[in-house]
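Read the structure below first, then the notes.
In the numbering used here, the protein residues as written are 6 to 716.
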C-alpha cells in the first residue's frame, strides 16, 4: 500500500508511528483480513487505512457493528478525522424496510448488522460499488443475532465476490477457523498500548500477579467502597460492573457522598447543570430520573438499558471529560462504546439467569476487564474482580484471569434463527429448488465448521412446510417459489412467525368492532417485543381475566409460554396511550423509562408492518384506519383527542393535555388565543407560534414547565 495512506492515518490520529497490530495489518490492506487483538489495541485504525485505500480506488467502504451507539461513535470519530479529504460519510441505523437509495451518494457508510441486512434484501444498484465491509465485534456470530450476521456475510460473499472483508474482535478463541472461512489473513496479537494488570480482591486485599495491595477500609467491611476510594485518591476514574440494574442504582446512591469529596468546585458546577439536563429528559421526571439526578450531582452515575438514550449520552460524555468519577453499570456497557477507566471493578462473576445464579461467560469477563486503561491518560489499567470466599481466589484466577477466550460457534442451526433468515436467502439468491438451498448452505460458517448439512436441511424442510402453510412459499416437489406475500414479509424485515400472527389477527378482527387493547395485542404478539416484561406476582388472575374479555377478537396460542406477558405489555401500552404519567407506568408495570421508550419504538415499527401487511393482504379498510390512527397515538402516548396538538413543535403529551383541559383543542384555538396558549405552555411556546406563523409580540413570560428542582 502507498506510504501516503499510512502517513495520513498517523497524522489524523496524532500517532508517531503505527503500533505492532496496525503495522502487521497494514501489510494486508486491500485483502480479506481478521484482526483479533485486545480492546484499545487500535483495531479501528486498520479500518481507517482500508477505507482510504478503497476510496483511492473509487470504491465504497461500509462499517457495521451490533449496536447503534457503537456505530454512531465510530461515525463521528472517523468523520471528524477525514472530512477534510472531501469524503462523504453517511450513517443509517433506522427503518428496516427501506431500500435506502439515498445511501448511494456516500463514500463511507456506518450501519448496524440489521440495517445492512435489510438494505441488501432490496438489492440496490450501489451495492456493486462496495469495495470493503468492516465487521466490528465479528465474534457476535456466536450471539443471538449471529445467524443474521453469518447469513449477511454469506450473502455478500456469494453475490458480490469482489468485496473485501475486515473482521475485528477482541474475544475469539478460534480466530483461525473464522479467517479460513473468510479466506483471509489473520492478525492475532496480545498487544495492548496500555498494559492491563488483573487482580482478585478478597476483603481488603487485591492479589495482582505483580504483587499484593492492601486497601484502607474506612467503613466496616465496605470493601467495594475501599476499591473505589483507592482510585479516587490518585485522581483516577472507575467503572464498576454489577450483575443487576438494581445494584447499579443502589451502589451509585450508596457511594455518591464518598465520591463527592473528590470533586472540584468547577466539576460540581458542571455536574449541577448536567444533572438538571438528565433529570428533565422526560416531560415529567420519573423516580429513576430523580435518582439519577441525585447521583450525577455528586459525581456518580448508574448506566443500564433502562435509561433513555439522551441520559446515557450525557453520562458517557461527562465520564469522558472526567466530571463523573464512577459509573456503576451492567455488562452491556462492556460490549458497547469505547468508555475506558483506570480501574474496572467486577463485583461478582455470577449473574441471575433462568431462576438461579450462574457463572458469567469467559468472553464477557474479558470484555469487561478490557475497559481498563485509558490511552493518553494512564500508563496502565487495572481490572479487579471481587470474591466473597478465600477459596474463590485461585478458582477465579484459573477460570477467568488466565483463561483464553472461548471458541465461537455458528448459531444457524437453531430453528428460530434459521427461520428468520430463510426467506432472504431464497429471495436474494433466486433459489428455486431445495438442491440450490443445499448448495448455498455449503458456503456458510456452519458448514465450514461442521462439514455437513443433513441436520440443517431437516430443519430447513420443516420451515419450508411452515412457510407454505403461511402462504409465504409455493412448493411443487423439490421446487420452491416465494409468493408476493412472502417477498413482502422478507422486505419488511419482520420475523415470519410474527407476520403470520399479524395476518391471522387481522382476519380475527375483520368486520368486527375492536377495542384498543385488542389492537395493541396484535403488536405485542410478536417476537420483536421480546424480552417481555415479567408478570408481577399476583397479577396472573387479572391478566387471565383480560384475556377472556378479548379472546374472540385476537389471534393467540394457549400454549404460548409468553401469552400473559404479551397481555401485560398490551396493558402497559394501553396506559401509555391513555396518558398515565410515565412515573406511574414504570412503577405499575415494574419497568424503566428506557424500557418504556424501547417498547414504544418497537411497537411503532410493528404497527408500520401491520399497515403494510394489511395493504398487501387487502384487509378490512376500517381496521387499517384504526391502526393508522394508533400509530400517532403510540408515538406521542396520547388519547385521540390530543392528536392535533401533540404533533405541533414542543407540545408533548403533558403540555398537550394542559392545553386541552384549558380549552385549547387545536390550531384554530391557538390562533384565536395565543396569549392563553403561552400562559399554559410558557416561553417554549413561542417556537410553536413561529412555526404556525402566528404573530404574537407580547413580553415573554417565564416558562411554566415543571423542572427537576420542583420535585
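Every residue, glycine too, gets a C-beta built ideally from N, C-alpha and C. In this text the structure is predicted, and so the values were computed from the model without any measurement.
### Query
residue 7 by DSSP, collapsed to three states: which one?
Annotation note: pLDDT 48 at residue 7 (below 50); position unreliable, coordinate value reported separately. Correct three-state label for residue 7: coil.
### Task
Starting from residue 672, follow the alpha helix (DSSP H) in both directions and report where the run begins and ends.
672-677
### Task
Report, in whole angstroms, the separation of the C-beta atoms of residue 607 and residue 523, which I expect to be a contact under 8 Å.
With a Cβ gap of about 19 Å, residue 607 and residue 523 do not count as contacting.
#### Entry: Stretch-stretch touch, CB-based, cutoff 8 Å, three pairs: the segment 480-494 with the segment 417-437
yes
### Per-residue burial, residue 407 [other beta carbons within 10 Å of its own, 16 or more giving buried]
exposed
### Contact belief for residue 650 with residue 671 at Cβ below 8 Å, rounded distance in angstroms
7 Å
### Task
Note down, in chain order, each residue of its chain lying with its Cβ closer than 6 Å to the Cβ of residue 245, except the 5 sequence neighbours on either side.
333 and 350
### Query
Hey, how far is the Cα of residue 411 from the Cα of residue 144?
10 Å
### Message
Please give the ranges of any alpha helix (DSSP H) in the segment 20-90, keeping only runs that are unbroken, at least 4 residues long and fully inside the region.
### Response
25-31, 48-61 and 73-87
### Message
So, for residue 18: in the same chain, excluding its five sequence neighbours on each side, which residues have a beta-carbon less than 6 Å away from its beta-carbon?
### Response
none
### Task
Determine the direct distance from the alpha carbon of residue 153 to that of residue 549, and round the result to whole angstroms.
35 Å
### Query
For residue 485, which residues does DSSP report across the bridge?
480
### Task
Spell out the partners DSSP gives residue 217 in its beta bridges.
212
### Inter-residue Cα distance where the pair is residue 638 and residue 213
56 Å
### Message
Could you compute how far the alpha carbon of residue 512 sits from the alpha carbon of residue 38?
### Response
50 Å
### Query
Do you know how far the Cα of residue 641 is from the Cα of residue 680?
25 Å
### Message
I believe residue 311 touches residue 597 by the beta-carbon criterion, under 8 Å. Please report the beta-carbon distance rounded to the nearest angstrom.
### Response
3 Å
### Option nearest residue 554 by Cα separation, candidates 564, 572, 9 and 567
572
### Query
Enumerated in chain order, which unbroken segments of the alpha helix (DSSP H) with a length of 4 residues or greater are wholly contained in the segment 501-570?
501-514, 521-529 and 545-555
### Message
Taking the alpha-carbon of residue 223 as reference, which of 605, 588 and 209 has the nearest alpha-carbon?
### Response
209
### Task
Could you tell me which of 289, 137 and 201 sits nearest to residue 215, measuring between CA atoms?
201
### Query
With distances taken between CB atoms, is the gap from residue 306 to residue 347 smaller than 8 Å?
no
### Message
Given a cut-off of 8 Å on the beta-carbon distance, is the pair residue 328 and residue 295 in contact?
### Response
no
#### Entry: Rounded separation between residue 273 and residue 261 - CA only
12 Å
#### Entry: C-alpha gap between residue 258 and residue 300, whole angstroms
6 Å
### Message
Only counting the same chain, and skipping five residues up and downstream in sequence, which positions put a Cβ closer than 6 Å to that of residue 235?
### Response
220
### Task
Measure how close the beta-carbons of residue 717 and residue 445 come, nearest whole angstrom, since I'm counting them as under 8 Å.
Nothing can be reported for residue 717: it is not among the residues displayed for the chain, which extend from 6 to 716.
#### Entry: Inter-residue Cα distance where the pair is residue 250 and residue 15
41 Å
### Message
Using a Cβ-Cβ cutoff of less than 6 Å, which residues in the same chain neighbour residue 141 once the five nearest sequence positions on both sides are dropped?
### Response
70 and 173
### Query
What residue ranges within the segment 151-194 form continuous alpha helix (DSSP H) runs of no fewer than 4 residues, ordered along the chain?
151-164 and 180-187
### Task
Please state whether DSSP places residue 13 in a helix, a strand or coil.
helix
### Query
Of all the options 591, 43 and 230, which has the alpha carbon lying nearest to the alpha carbon of residue 409?
43
### Task
Could you tell me which residues DSSP pairs with residue 387 in its beta bridges?
202 and 348
### Query
Does the Cβ of residue 22 have 16 or more other Cβ atoms within 10 Å, making it buried, or fewer, making it exposed?
exposed
### Query
Going straight from the alpha carbon of residue 111 to that of residue 135, what length do you get?
11 Å
### Query
Are there 16 or more other CB atoms within 10 angstroms of the CB of residue 303, so buried, or fewer, so exposed?
buried
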